[in-house]
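Following: one structure in structure tokens, then a few remarks.
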Amino acid sequence: MATSETIQIKVPWQQVWNTICDVTKWPMWNGALQEVRETENLNEFSVRVRGLGWVRCRVVNQDRNKQYFQYQLSGKGNQETGTIELKKDSEQTTVVVYTTEHRGWLRKIVPLESMSSWRIGRLKELCETNRVFNINGPGFAHESI
Numbered sequence: 042m043a044t045s046e047t048i049q050i051k052v053p054w055q056q057v058w059n060t061i062c063d064v065t066k067w068p069m070w071n072g073a074l075q076e077v078r079e080t081e082n083l084n085e086f087s088v089r090v091r092g093l094g095w096v097r098c099r100v101v102n103q104d105r106n107k108q109y110f111q112y113q114l115s116g117k118g119n120q121e122t123g124t125i126e127l128k129k130d131s132e133q134t135t136v137v138v139y140t141t142e143h144r145g146w147l148r149k150i151v152p153l154e155s156m157s158s159w160r161i162g163r164l165k166e167l168c169e170t171n172r173v174f175n176i177n178g179p180g181f182a183h184e185s186i
């Protein structure tokens, strides 16, 4: 199952890019994650997912010039591939397209559309205010463009 969300963030694309590439900040905008453990391999790390425990995550593709970032979480019979594309809207505004594809049993019990919307809304809050106010979980509504 795949979902895609688009949102406008009122900061330069470089700031959004830096937030996405800093995996230690992922639990701030991806509320499903509780903790990140980096490894010696900069493209692989472990994340603790609420209700699942520790799973492996790796950066599949990271291209600053194309403003394209792709990751893959896998473990416990589930797999999530996430793609984040940035598009410069103006000098101070970035359009973010966040696409996720899920495989495994989790997609049958979790409202994945709401989860993607919640994550991208939290990313917007983090980039614009350096804080996350929406901690309530899936169901967060945001203005899509």
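Whatever position you read off the sequence shown (first residue = 1), add 41 for the numbering used here.
All C-beta atoms in this analysis are idealised placements derived from N, C-alpha and C, irrespective of residue type, glycine included.
1) Just to confirm, are lysine 129 and tryptophan 70 a CB contact at a threshold of 9 angstroms?
2) Is it the case that the Cβ atoms of glutamate 166 and alanine 43 are separated by a distance below 9 angstroms?
3) Once DSSP output is grouped into helix, strand and coil, what is the label at alanine 182?
4) How about valine 138 and threonine 124: are their beta carbons less than 9 angstroms apart?
5) Going residue by residue through the region 51-111, where are the continuous beta strand (DSSP E) segments of at least 3 residues, counting only ones entirely within it?
6) Note the first and the last residue of the continuous beta strand (DSSP E) segment covering lysine 128.
7) Using a Cβ-Cβ cutoff of less than 6 angstroms, which residues in the same chain neighbour serine 115 once the five nearest sequence positions on both sides are dropped?
8) Looking only at its chain, what residues have a beta carbon closer than 6 angstroms to the beta carbon of asparagine 171, apart from the 5 residues adjacent to it on each side?
9) Considering only residues of the same chain and omitting the five flanking positions on each side of glutamine 133, which have a CB-CB separation below 8 angstroms?
10) Please classify phenylalanine 174 as buried or exposed, where buried requires at least 16 neighbouring CB atoms within 10 angstroms.
11) Compute the beta-carbon to beta-carbon distance between asparagine 119 and tryptophan 146, rounded to the nearest angstrom, for a pair I have assumed lies under 8 angstroms.
12) Do tryptophan 58 and arginine 99 come within 9 angstroms of each other at the CB atom, strictly closer than that value?
13) So the beta strand (DSSP E) arginine 144 belongs to, where does it begin and stop?
The answer reads as follows:
1) no
2) no
3) At alanine 182, the pLDDT of 38 sits below 50, so the modelled position is not reliable and the matter cannot be decided from this model.
4) yes
5) 74-79, 85-90, 94-104
6) 119-131
7) Arg97
8) none
9) Lys51, Val52, Pro53
10) exposed
11) 7 angstroms
12) no
13) 134-145
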